[in-house]
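Residue numbers (our numbering): 164 to 579.
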């Protein structure tokens, strides 16, 4: 086909493309590009500088891979403003598809364009700068309250917080994206935290959300940019992802939106209720949610009926690639009249969790006290399974903490 109009000027924008046919005054903005069923789709807004009384000609969803869509769209546009729309839309589709296929350019990683430092924590050990963390647990496990306590630490920053968390040196504004509650509930909680610890006002940005994050990403990104928010709380993953949480496509679309916004995300999730092992609970939904998060923290709550306080324990279920799993973190949350006070506490860890988390430390302490021992002797003394002891011993030996001795004995290196 011979094109009868000069090629347009194309400029990339944060969430789309803009085409300008300068000689004929026609402009087309392309947004929300996505691949569905091997077809490139999106939204186009067509304007014309030469239309009297207003420049908007058409705004519609558009299939860039469909010749039928191009023909029907050209017919609609010709009804409002005559031009060579077939040629214009042919150029639009060709350039957009090629641009989408090309993707991001490949670069060589060198000391000139990359940092040799490990990724930076915003709030250690929970939030990594410009990376997503999922905090998940049962309904009513204080996920929202805990997320707002983290926001308070980053907002001030709150160096002497009673939870003992390591706050950032800089201030980080927070945007609370809410699919679950309402602004009054969120404001009451953050205000109660401020009152409970005598902090004064703790201003955060709030946005009530109705559609999945992937469908609202451009508007949310605009709000994030205009407010300067560095931390994004998503409450909650169940509604923000949309669709069937066990399906692959909504999960990929959700993470594409998170990656496009490129801020520090704290995503609140729920547990998969059908799992038989209560000590290995995972985030509800597709495994993609867990694999794409840089950190996973499970929160468990214990409380007495009628008490004005709860005890929560945070378990690190997945760590970033540059460090290992952290020990459980305990916190007590006390509720008063329009106040919430949180402080560090000894984590309440059931025996099953203790066996899983502290086996190596318990074995090392036992060997330091008793000298060399066999795996069976260690299992009998600690009252844990022999298989668990063998696994822990081999892990510790690989790390150089202990050594295997003649006769089936094991010992700390100072006893070798």
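Ideal Cβ placement from N, Cα and C applies to all residues, glycine included.
Note that the coordinates shown come from a computational prediction; the quantities given were computed from them, not determined experimentally.
| query | result |
| --- | --- |
| Extent of the continuous beta strand (DSSP E) run through residue 370 | 368 to 371 |
| Alpha-carbon to alpha-carbon, residue 542 and residue 566 | 17 Å |
| Boundaries of the alpha helix (DSSP H) in which residue 541 is found, first to last residue | 538 to 545 |
| Length-filtered (4 minimum) alpha helix (DSSP H) runs lying within the segment 325 to 394 | 346 to 360 and 376 to 390 |
| Option in 546, 478, 561 and 215 with minimal Cα separation from residue 580 | For the chain, the structure presents residues 164 to 579; residue 580 sits outside this window and is missing. |
| Residue from 321, 341, 338 and 326 whose Cα sits closest to the Cα of residue 332 | 321 |
| Straight-line Cα distance separating residue 335 from residue 487 | 25 Å |
| Beta-carbon proximity list for residue 424, same chain, < 8 Å, skipping 5 on both sides | 380, 383, 384, 387 and 395 |
| Three-state secondary structure assigned by DSSP to residue 235 | helix |
| Residue span of the alpha helix (DSSP H) that contains residue 511, given as start and end | Taken as a continuous stretch (DSSP letters only), residue 511 belongs to no alpha helix (DSSP H), as it is neither H nor E. |
| Check whether residue 271 and residue 229 have beta carbons under 8 Å apart | no |
| Contact the segment 211 to 221 vs the segment 238 to 254: 3+ CB pairs below 8 Å | yes |
| Whole-angstrom distance between residue 259 and residue 483, CA atom to CA atom | 36 Å |
| Identified DSSP bridge partners for residue 190 | 183 and 210 |
| Nearest-angstrom Cα separation, counted from residue 498 out to residue 508 | 16 Å |
| Residue 308 and residue 337 closer than 8 Å at C-beta | no |
| Backbone secondary structure at residue 570 - three-state DSSP | helix |
| Where residue 168 falls: helix, strand or coil (DSSP) | coil |
| Neighbour-count burial assignment, residue 400, 16 or more Cβ in a 10 Å radius | buried |
| Beta strand (DSSP E) segments (min. 3 residues) lying fully within the segment 400 to 444 | 427 to 433 |
| Distance CB(residue 339)-CB(residue 434) smaller than 8 Å | no |
| Identity of the residue in 191, 511, 181 and 173 nearest residue 220 by Cα | 191 |
| Contact check, residue 281 vs residue 456, beta carbons under 8 Å | no |
| Backbone CA spacing between residue 472 and residue 350 [nearest angstrom] | 20 Å |
| Same chain, Cβ closer than 6 Å to residue 206, five either side skipped, listed in chain order | 194, 195 and 224 |
| Inter-residue spacing [alpha-carbon to alpha-carbon] between residue 293 and residue 446 | 21 Å |
| Opening and closing residue of the alpha helix (DSSP H) in which residue 453 lies | 450 to 455 |
| Unbroken alpha helix (DSSP H) run spanning residue 556, endpoints | 549 to 561 |
| Within 8 Å, strictly: CB atoms of residue 343 and residue 398 | yes |
| Rounded straight-line distance, which links the Cα of residue 422 to that of residue 586 | Lying outside 164 to 579, the shown extent of the chain, residue 586 is not represented and no answer is given. |
| Residue 416, buried or exposed, once every other Cβ within 10 Å from all chains shown has been counted against 16 | buried |
| DSSP state of residue 524 mapped onto helix, strand, coil | helix |
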